[in-house]
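Worksheet: the structure to be examined is printed underneath.
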Amino acid sequence: MLEFTDVSAVRGNTTVWSEGTFTVPTGAIVGVIGPNGSGKTTLLTMILGLLRPGSGELKVLGETPHRGDDRIGYVPQNYASIAGDSIRARDLVLLGLTGTQYGLRRTTSAQRARVDEVLTEVGAADFAKRRMSQLSGGQQQRIAIAQALVGKPQLLLLDEPLANLDIRNQQDIVTLLERINSERGIGILLVVHDLNPLLSVLDGAIYLLDGHPHYDNVDEIVSEELLTHLYGTAIKVVRTPQGDLFTRSA
Amino acid sequence: MDIIAVVKFQSNWMEILASPFMRTALIAGILVAIASGLIGYFVIVRGSMFASHALAHIGFPGATGAALVGTSVLTGLVVFTVVGALAIGLLGKKANDREIATGTVLAFATGLGVLFASLASENTSTVTNILFGNLLAIPSSQLVVFAGFLAVLIVVLLVIFRPLLFASIDPPVAEAKGVPVKGLGITFMILLALVVSMAVTVVGVLLIFALLVTPAAAALRFTARPGWVIFWSSAIGVASVAVGLTIAAMINLPPSFFIVSTVFVIWLVAVATRREGRVQVPVGGHG
Ligand SMILES: Nc1ncnc2c1ncn2[C@@H]1O[C@H](COP(=O)(O)OP(=O)(O)OP(=O)(O)O)[C@@H](O)[C@H]1O
Ligand SMILES: [Mg+2]
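Going line by line, the protein sequences match chains V and D.
Quick note, the first sequence lines up with residues -11 to 238 if you use this note's numbering.
Quick note, the second sequence lines up with residues 29 to 315 if you use this note's numbering.
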């Protein structure tokens, strides 16, 4: 799905991170973790083809990243603050299909049917006729995911989709993503700060440690030394008798 | 006594309305109202309310300076607002910096406008017309220009409608999808400059908000579907121009006040009315 060969990320004159060499298997659910400002959003921007690698080579779904790649769906950070009072949720999802079309064209019935289908899939059909500003954070996140999914991508990038959600909504979104992944085979890359709600579904994680991105399987990620190092504060990994795994600050 | 002498009902107002200069005013007003309605939704969605206000002020020295060099007020307006639009558009994303820069230029431009006005020893009614608008002062020769602007606006909007909407509402995703967000932003600003130039002749630099933003804001109370918002804001603008002109004919006062008042009343009613689709979001609602 992703192949990084000695990739570095440069913004302006500063190198955000460098020496990224790793491969992420196709169809995986992968967390992107790292402290604030470590370059997680920058990583997504690069996969989207909006920022060229400062050096090295990057392949996304077998190709050099390029803007407007229909095979990638994207949910940006702070999505809720973007969408406002002036559009219905449904029309926002529709723009995911028609927003790149120039000229006077009617929305086709196939396009409408696709929007209905994806709204049902993410459980947003009931409130899709409301304006974005009239939805709760969890509902807005579902709409954002619907918009990213509507073009049938092979890879979904989500930047902090669990931020500002309560535990139940976090769990609902995680369940939704797992279903999308297993039913449609869509690879998922999501930026998160707390691994706990995801531990049961993650295949692995890209972690930004000391300015260098790495990829590891989930078992290796969930180590106290690594997490403690990553966040600069003591983290404990706890395994319950039921086999559930979670992390907490020590 | 004085006031009553000025405000006098004219029983022949139907004749006045039918006169050629009133017809020119009505057609000009309708063209401008439609143009404003077409762009108003995008002004709100993009959060360009301040930019549109600023463009009108940037047009002010253009309008007063036009007299200085002996060209038409509209030409001066278009030149200054288009240059201003390009500058604001190129300032790009950083909203805070942009607002400060825009506001600073706005103040400077207004000062420049006052200077030009006094240098040209314009009579005060010309300056008043620029500041507050006067539909009755629009020469009939300008109708063709207005119609041309409106045609350009319609054609360009039809072509870029969806990408512009996408780029306005959801810039990061639009950008990732390959939509030229910045280019569309600059195109939008130039269209806005044309509409502002037209609207200044109707309601003036100071009342521009009433024609450019308020009708769309009122329409948005009832619907959030882009096509309908555009339709209703144009309709509100056209109705306000027609009502304003009629009242102006009845009591022989400049139409700007009545146009702006009609828009204001419609907006008040819209705000007071139940909002379409308002649903209480349950606290901690199941997402
Ligand atoms: N457009 C930009 N121009 C220059 N520098 C930038 C730009 N965007 C981000 N940066 C810098 O790049 C670094 C990484 O930013 P990035 O947004 O990728 O971090 P992040 O890991 O997503 O952080 P957060 O957890 O706060 O979202 C930061 O130091 C930031 O200041
Ligand atoms: Mg980020």
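Ideal placement from N, C-alpha and C gives every residue a C-beta, glycine not left out.
For the pair Val207 (chain D) and Phe189 (chain D), the CB atoms are not nearer than the 9 Å cut-off. Residue burial is scored here from C-beta neighbours: Asn157 (chain D) has at least 16 other C-beta atoms within 10 angstroms and is therefore classed as buried.
Contact between Ala46 (chain D) and Val269 (chain D) is ruled out by a C-beta separation of about 17 Å, above the 8 Å threshold. If you check the CB distance, Ile166 (chain D) and Val230 (chain D) come in under 9 Å. Counting C-beta pairs with one atom in each stretch, the stretch 60 to 78 of chain D and the stretch 291 to 303 of chain D have fewer than three that are closer than 8 Å, which means they do not touch. Taking non-hydrogen atoms of ligand 1 into account, the C-beta of Pro23 (chain V) is found less than 8 Å away from one of them.
Contact between Gly19 (chain V) and Leu196 (chain V) is absent: CB atoms are separated by about 11 Å, not below the 8 Å threshold. Of the candidates D:Trp260, D:Ala79, D:Val266, D:Ala79 places its Cα closest to the Cα of Thr130 (chain D). Looking only at V:Ser97, V:Asn157, V:Leu31, the smallest Cα-Cα distance to Leu177 (chain V) is reached by V:Leu31. Look at the stretch 200 to 215 of chain D: the residues with a C-beta under 9 Å from a C-beta of chain V are Pro200, Val201, Ala202, Glu203, Ala204, Lys205, Gly206, Val207. Close to Pro141 (chain V), with beta-carbon spacing below 9 Å, lies no residue of chain D; the smallest spacing is near 11 Å. Set against 8 Å, the gap from the CB of Val179 (chain V) to the closest heavy atom of ligand 1 is smaller.
In this structure the stretch 119 to 133 of chain V does not lie against the stretch 35 to 55 of chain V, because fewer than three pairs of beta carbons, one per stretch, are closer than 8 Å.
Residue pairing for Ala137 (chain D): DSSP places it in no beta bridge. In the structure shown, the three-state DSSP call for Arg172 (chain V) is helix.
Between the beta-carbon of Thr109 (chain D) and that of Gly93 (chain D) there is about 13 Å, and that puts the pair past the 8 Å contact cut.
Taking the beta carbon of Ala252 (chain D) as reference, the chain V residues within 8 Å of it are Asp73, Ser74, Ile75, Arg76, Asp79, Arg119, listed in sequence order. In the structure shown, the three-state DSSP call for Ala79 (chain D) is helix. In the three-state DSSP reduction, Thr33 (chain V) falls in the helix class (H, G or I). The distance from the Cβ of Pro141 (chain V) to that of Arg59 (chain V) is about 5 Å, consistent with a contact at the 8 Å cut-off. For secondary structure counted as the alpha helix (DSSP H) over 4 or more consecutive residues, the stretch -1 to 50 of chain V holds these complete runs in sequence order: 28 to 35. By DSSP's assignment, Leu144 (chain V) forms a beta bridge with V:Gly61, V:Ile176. For the pair Arg249 (chain D) and Val206 (chain V), the Cα-to-Cα distance works out to about 49 Å. What Pro64 (chain V) touches in chain D, judged by beta-carbon distance under 7 Å, is Pro200, Val201, going in chain order.
When DSSP states are grouped into helix, strand and coil, Tyr90 (chain V) belongs to the coil group. Using a CB distance cut-off of 9 Å, Pro191 (chain D) counts as an interface residue toward chain V. A Cβ of chain V is located within less than 9 Å of the beta carbon of Ile188 (chain D). For Asp104 (chain V), the enclosing alpha helix (DSSP H) begins and ends at 97 to 109.
Taking 9 Å as the cut-off, the Cβ atoms of Leu96 (chain D) and Leu147 (chain D) count as close. Taking a Cβ-Cβ threshold of 7 Å, the residues of chain V close to Val73 (chain D) are Ser74, in chain order. Comparing C-alpha distances from Val110 (chain V) to each of V:Ala136, V:Asp73, V:Ile75, V:Tyr90 shows the shortest one belongs to V:Ala136.
Distances taken from the Cβ of Gln122 (chain V) to the heavy atoms of ligand 2 include none shorter than 8 Å. Interface flag for Ala136 (chain V) against chain D is set, since a Cβ pair is found closer than 9 Å. At least one heavy atom of ligand 2 lies closer than 8 Å to the C-beta of Asp147 (chain V). The beta carbon of Thr88 (chain V) falls within 9 Å of a beta carbon belonging to chain D, placing the residue at that interface. Within the DSSP secondary-structure output, Asn205 (chain V) pairs in a beta bridge with V:Gly192.
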